[in-house]
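Note that the protein sequences, when read in sequence, are chains Y and L. The numbering of the first sequence is this note's numbering, which starts it at 10 and goes up by one. The numbering of the second sequence is this note's numbering, which starts it at 2 and goes up by one. We put the CB at the ideal spot given by N, CA and C, even for glycine. None of the values given here were measured: they were computed from a predicted structure. Report on the following structure.
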Amino acid sequence: MASSISETNFEESKRIKRRKTGDELRDPDTIDHTRWRSESEQRIYSTKLFEAIRQVRRNSSPVNKVSSGRDIQDAADRVLAVAAKGRTRWSRAILASRLRLRLAHNNKKHKKARLAKVTGSIRSKMPEKKRFIPALQRKVKVLSRLVPGCRKVSFPNLLEETTDYISALEMQVRAMAALTELLTGSPVDRLASTSDS
Amino acid sequence: MSSRRSRQSGTSRITDDQIIDLVSKLRQLVPEIRNRRSDKVPASKVLQETCNYIRNLHREVDDLSERLSQLLATIDAESAEASIIRSLITQ
């Protein structure tokens, strides 16, 4: 009995500490998913994205003026992650992976990147539960791979991250489509369903 | 569907209600499932559709990135066109 009380106290203090740093994920009220649907958020994102794209083009060598779609996508993801203000795991993962890549590139030590990959694969083979994977768990695994940085997250946190990630992605698509529309002067044909208010 | 995972030590116990609540929230986001009756959609379907939806969104971003890179290739970074576009965005 005493241990459980101390445990809850410890948990409480952890939670309070986390809330102060703005890192609380367990309380669903702190993450506002509707923010991704606001017009102002989209406008801010569009501006930042445009600036980022211009910077990409400025940084690319003057000979090769054509920036690939990959560069644009990276910039878009980065701006999206920054827009999340570090409150969600997927946004932090996007920024962290970019930093890691850049460090590896600057040091020119590809060993580091390879080492990280190797340890990652070894660690994933450790748990012996690989034999019996019920269909549901398998799907959860697939989902966790799609959302960046959420491979080892608990199930409810994963769902939480997923809802925010989907809203953010929708905004990203809306903003980029609007930008494209602006440049081409004709409406963009969306692959998915059209307007979602 | 209900499974109590106590893999993480020290975390609050994950109730089924919490999971149901989160799954329903997820269901509302994915347009495929939104229109169907909530009782008839099992969790596995929700997860499946969610994965598909995320993949679709990724693909859209990819396509749009390609198009944007081609469109913006002709625009000089410092030109007047850029500032025009920027002002149009912020409207």
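Task: C52 (chain L), DSSP secondary structure in three states - done: Correct three-state label for C52 (chain L): helix.
Task: Length of the line joining the Cα atoms of I85 (chain L) and L30 (chain L) - done: Looking at the two C-alpha atoms, the distance is approximately 35 Å.
Open item on the list: If you measure between the beta carbons of M180 (chain Y) and V62 (chain L), is that distance less than 8 Å?
Closed with: In this structure, V62 (chain L) does not lie closer than 8 Å to M180 (chain Y) by Cβ.
Task: Three-state secondary structure assigned by DSSP to T16 (chain L) - done: Three-state result, T16 (chain L): coil.
Task: Residue from Y:A92, Y:R87, Y:I81, Y:Q64 whose Cα sits closest to the Cα of I53 (chain Y) - done: Its Cα nearest to that of I53 (chain Y), the residue Y:A92 stands out among Y:A92, Y:R87, Y:I81, Y:Q64.
Task: C-beta neighbour in chain Y for S50 (chain L), strict 8 Å - done: Rather than Ser, the amino acid found at residue 50 (chain L) in this sequence is Glu. Judged by the 8 Å Cβ criterion, E50 (chain L) is not in contact with chain Y.
Open item on the list: Quick check on I81 (chain Y) - is its C-beta less than 8 Å from some C-beta in chain L?
Closed with: Yes, I81 (chain Y) lies at the interface with chain L (some Cβ there is under 8 Å from its Cβ).
Task: CB contact check: T97 (chain Y) to chain L, cutoff 8 Å - done: No, no contact with chain L.
Open item on the list: Quick check: is the beta carbon of S70 (chain L) nearer than 8 Å to any beta carbon in chain Y?
Closed with: Yes, S70 (chain L) counts as interfacial toward chain Y.
Task: Whole-angstrom distance between P43 (chain L) and E82 (chain L), CA atom to CA atom - done: Looking at the backbone, the Cα of E82 (chain L) and that of P43 (chain L) are separated by about 51 Å.
Open item on the list: Short of 8 Å Cβ to Cβ, which residues in the stretch 151-166 of chain Y face chain L?
Closed with: Only those residues of the stretch 151-166 of chain Y whose C-beta falls short of 8 Å from the nearest C-beta of chain L are listed: V151, L152, L155, V156, S163, F164, P165.
Task: DSSP state of R79 (chain Y) mapped onto helix, strand, coil - done: R79 (chain Y) falls in the helix class under three-state DSSP.
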